[in-house]
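Inspection log for the structure reproduced underneath, given as structure tokens.
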Amino acid sequence: MELVQDSKAVLGEGPCWDEESRKLYWVDIKGRHIHIYSPEAHQDEIIDVGQYVGIAIPRVSGGLIITLQHGFYHLDSSSKAISLIREIESKDVSIRFNDGKCDAAGRLWAGTMDIQHSKKSGALYCMDNSLKVRRMLSGVTISNGLGWSPDNKHMYFIDTPTRQVVCFDFDLSTATVSN
1 MELVQDSKAV LGEGPCWDEE SRKLYWVDIK GRHIHIYSPE AHQDEIIDVG QYVGIAIPRV
61 SGGLIITLQH GFYHLDSSSK AISLIREIES KDVSIRFNDG KCDAAGRLWA GTMDIQHSKK
121 SGALYCMDNS LKVRRMLSGV TISNGLGWSP DNKHMYFIDT PTRQVVCFDF DLSTATVSN
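As numbered in the working numbering, residues 1 to 179 make up the sequence shown, in order.
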């Protein structure tokens, strides 16, 4: 193993490899930074977003979709300007976004959590390609770890304190979870 970047992150998470740009996107949640690492240039670009950041995922149309403490945002790659897409739970300062991933249809699934890790006040959201956001699950303590089976018939989800990976039936065409 070889250390390629010594970032000294406070809470580094959410790696997302973009094959087209050949860059690794990841976040330092508590450090309030987005990292864009280029292995070819051995360079780590750091963008300070000024608040908790949960995910940073490249968009086909350019820039990144990111989650900050209370919502979904677009980050312009060139100007570094951040613009709100949808605000979520903005009145509750004890909630922040944590982890998220895209499904095979390009919808972004992202979850919130209680900052103190003690209440089941978080949720799991799905933002579709038209940027409409739906709450999919409630009563989550720490939304973490999402994935799908290779045939897209199951979605896996972790609420960290439960110490369980939950497997839902998943309908890719409608973005619904059941069972």
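Using N, Cα and C, we set each Cβ at its ideal position, and we do this for glycine too.
Residue burial classification, residue i (beta-carbon count within 10 angstroms, cutoff 16)
i    : result
M127 : buried
M1   : exposed
A110 : buried
I47  : buried
G31  : buried
Identity of the residue in the options nearest residue i by Cα
i    : options                : result
T160 : K153, L172, F168, H117 : H117
H33  : L137, K119, E13        : E13
K80  : N129, D171, I36        : I36
S130 : F170, S121, F72        : F72
T162 : V140, D151, K132       : V140
A175 : P150, F157, S77, M136  : M136
G122 : L11, H70, G62, I47     : H70
R134 : I142, V177, I82, A104  : V177
I115 : D92, M155, W17         : D92
S143 : Y156, D99, S173        : D99
L172 : E87, K8, I29, D103     : D103
A9   : H74, S138, D28         : D28
K153 : I85, G145, N179        : N179
Spatial distance of residue i from residue j (CA atoms)
i    : j    : result
E89  : I66  : 16 Å
L3   : H42  : 11 Å
G147 : Q164 : 14 Å
L64  : K119 : 30 Å
S38  : L24  : 7 Å
L94  : P150 : Residue identity check: residue 94 is Ser in the sequence provided, not Leu. About 35 Å.
V53  : P15  : 13 Å
Q5   : I57  : 20 Å
S83  : G50  : 13 Å
D18  : R96  : 25 Å
L124 : T112 : 6 Å
L108 : E40  : 28 Å
L68  : E87  : 9 Å
F170 : S78  : 36 Å
S61  : W26  : 19 Å
Bridge partner(s) assigned by DSSP for residue i
i    : result
Y52  : In the DSSP output, where bridge partners are listed per residue, Y52 has none listed.
E45  : I36
M155 : W148, F168
L75  : L64, I82
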